[in-house]
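Have a look at the structure below, then the notes.
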Amino acid sequence: MSKSNSATFSLINDATGDKYALPVLDGTVGPSVIDVRRLYAETGHFTYDPGYTSTGSCESALTYIDGDEGVLLHRGYRIEDLAEKSSFLEVAYLLLNGELPNGQERDSFVDTITHHTMLHEQLINFYRGFRRDAHPMAIMCGVVGALSAFYHDSTDINDPHARMVASYRLVAKMPTIAAMAYKYSLGQPFNYPQNELSYAENFLYMLFAVPAEKYVMNPVLARAMDRLLILHADHEQNASTSTVRLAGSSGANPFACIAAGIASLWGPAHGGANEAVLNMLNEVGHKDRIGEYVKKAKDKDDPFRLMGFGHRVYKNYDPRAKVMMQSCHEVLEDLGIDDPLLDLAMEFEKLAREDEYFIERNLYPNVDFYSGIILKAMGFPSDMFTVLFAVARTVGWIAQWQEMIEDPTQKIGRPRQLYTGPDQRPYVPVEKRG
Ligand code: ACO
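Using my numbering, the first residue of the sequence shown is number 1039, and each one after it goes up by one.
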């Protein structure tokens, strides 16, 4: 819970001399916030903050980012520790319940998730309605939204049990939905989940196994997948999470809200960035051309941006990018792949980090800079990259959604605007319009 701080901020209307005291609220760590909830009622003015660069939209106890120091905490635990010592389902439990599970709680949670992984058989018909060349994110938006039509017993947002069941279903079924989207694009048969496998192993199995031969699990890839899921599990009030909260604030059911989050994640400025990084590295092709692209990124008249660089919150190295780079080396080594794109990426990072433009603006590699290379090595086509992100982020979205529903101060999200269109004017009949 936030606490009122005895300090206030004064706001003075220079025209009238009216003075307003704005309360300040403290969280546990991080900057305090100026509480402007009564601003319009008291002053007749709104705040103006497109892109929400200075706006806290909610109170949350899930995830904390110190962008200046490059720190990411989930319920107080450092992402590096979780990635090294925990499993994705333990992190999912942590996000949903606030604490890491003890052994018995973990086994029971794993069992529950494992027994929700199958999809209603009729949902297969949805896949058949898509073109084979449909982008898998288009399929994800459609199929996840359609879950609302299949699981009516978990759409009552006012019932805590129904909310928890919806959360379990979403975490459990996302890998199945994603793997089916992939198999559909290949024209291969869908694989049903295998309960003896771990979450990450089962996902790899559903993605890559074919009925004609035995699937041999590679533990290095399974660990890399689990770590990738952990690294993407939650990230505070980013665009897709805010979208989920905003959709949920109207009382929409959780499946519809997660479908909204998937849509928001799709864009290249957000979850689509790792696909864009790989496209960019392929386009650059050779170390000799890096300088040319760095120059383009710096040119104000050129819309090109260095994909995988920069972050709204991190003004230091994204701690997830460090773990991802390490994972990338492990996977490539295990698979015996010598990918020139990794060398190119590392050279890119070196050159950009020495460049005044990037230094001044604190532009460091973000999590997406290396994730595309690792996913490519694991055998994923680039249009599946954002899908994996969506699978991982679902637990963050749904935990944030639950937190919002349980927040007694929650209201429908309804930003205001600075209107710049025409003032009221008389209607002109068509024959009199010029
Ligand atoms: N390449 C070149 N210049 C950049 C880049 C970049 N990747 N990112 C930011 N800048 C520059 C901007 O041009 C701006 O310069 P200016 O002050 O001279 O105008 C300055 O850095 C600040 O940039 P903003 O756009 O104001 O920063 P914002 O917080 O709005 O953007 C974003 C963050 C969208 C992530 C941006 O850095 C970007 O487009 N990066 C590339 C896409 C990407 O990697 N996205 C993944 C984000 S992580 C994730 O979603 C998991």
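Where is the CB? At the ideal position from N, CA and C, for every residue including glycine. Every value quoted in this text rests on a predicted model; they were computed, and no experiment measured them.
In the three-state scheme derived from DSSP, where H, G and I count as helix and E and B as strand, F1241 is classed as helix. Scanning its chain for C-beta atoms nearer than 7 angstroms, with the 5 sequence neighbours on each side dropped, one finds around T1281 the residues A1298, G1299 and S1302, in chain order. Annotated three-state conformation of I1450 is coil, per DSSP. Taking 3 residues as the minimum length, the beta strand (DSSP E) runs contained wholly in the stretch 1108-1160 are 1109-1112, in order along the chain. The stretch 1182-1189 makes contact with the stretch 1207-1219: 3 or more CB pairs, one atom from each, lie closer than 8 angstroms. For F1168, the CB stays at least 6 angstroms from every heavy atom of the ligand ACO. With a contact defined as Cβ atoms closer than 8 angstroms, D1372 and V1258 qualify at about 4 angstroms. In summary, Y1457 is exposed, with fewer than 16 beta-carbon neighbours lying within 10 Å of its beta-carbon over all protein chains present. Look at V1332: its beta carbon is at least 6 angstroms from all of the heavy atoms in the ligand ACO. If you look at N1043, you'll find it in the beta strand (DSSP E) that goes K1041 to I1050. Looking at the backbone, the Cα of H1190 and that of H1199 are separated by about 13 angstroms. The beta-carbon distance between P1174 and V1425, rounded to whole angstroms, is 5 angstroms. This is short enough to meet the 8 angstroms contact definition. Two segments are said to touch when three or more pairs of C-beta atoms, one from each, lie closer than 8 angstroms; by this definition the stretch 1209-1223 does not touch the stretch 1317-1324. Contact between I1328 and L1389 holds: CB atoms are separated by about 5 angstroms, below the 8 angstroms threshold. In this structure, the CA atom of K1221 is about 35 angstroms from the CA atom of R1116. It is roughly 32 angstroms from the alpha-carbon of M1212 to the alpha-carbon of K1353.
Taking 7 angstroms as the cut-off, the beta carbon of G1310 is found no closer than this to the beta carbon of F1407. The nearest non-hydrogen atom of the ligand ACO is less than 6 angstroms from the C-beta of D1406. In the displayed model, K1252 falls within coil according to three-state DSSP, outside both helix and strand. The beta carbons of S1048 and A1059 sit about 6 angstroms from each other, so the pair counts as a contact at 8 angstroms. Look at M1362: its beta carbon is at least 6 angstroms from all of the heavy atoms in the ligand ACO. The alpha-carbon separation between V1369 and A1121 amounts to approximately 15 angstroms.
Ranking S1278, I1412 and G1472 by CA distance to the CA of M1363 puts I1412 first.
In chain order, C1295 and A1298 place their CB closer than 6 angstroms to the CB of A1285, counting only its own chain and leaving out the 5 sequence neighbours on each side. For Y1102, the pairing in a beta bridge is given by DSSP as L1111. Under DSSP, V1071 shares a beta bridge with L1063. S1409 sits buried, since 16 or more C-beta atoms from the chains shown fall within 10 Å of its C-beta. Excluding five sequence positions before and after D1421, the CB atoms of its chain that fall closer than 7 angstroms to its own CB belong to H1173, P1174 and E1313, given in chain order. Ranking M1442, H1273 and N1291 by CA distance to the CA of S1186 puts N1291 first.
Sequence-distant partners of E1385 (beyond 5 residues in either direction) whose C-beta falls short of 7 angstroms from its own C-beta, in its chain, are K1325 and I1328.
Ranked by Cα distance from E1118, the options D1056, G1459 and A1271 are led by A1271.
Relative to the ligand ACO, the nearest heavy atom lies less than 6 angstroms away from the CB of A1307. S1095 places its beta carbon 7 angstroms or farther from that of G1065.
Rounded to the nearest angstrom, the gap between the Cα atoms of Q1438 and K1334 is 38 angstroms.
Rounded to the nearest whole angstrom, the C-alpha separation of H1367 and K1414 is 13 angstroms.
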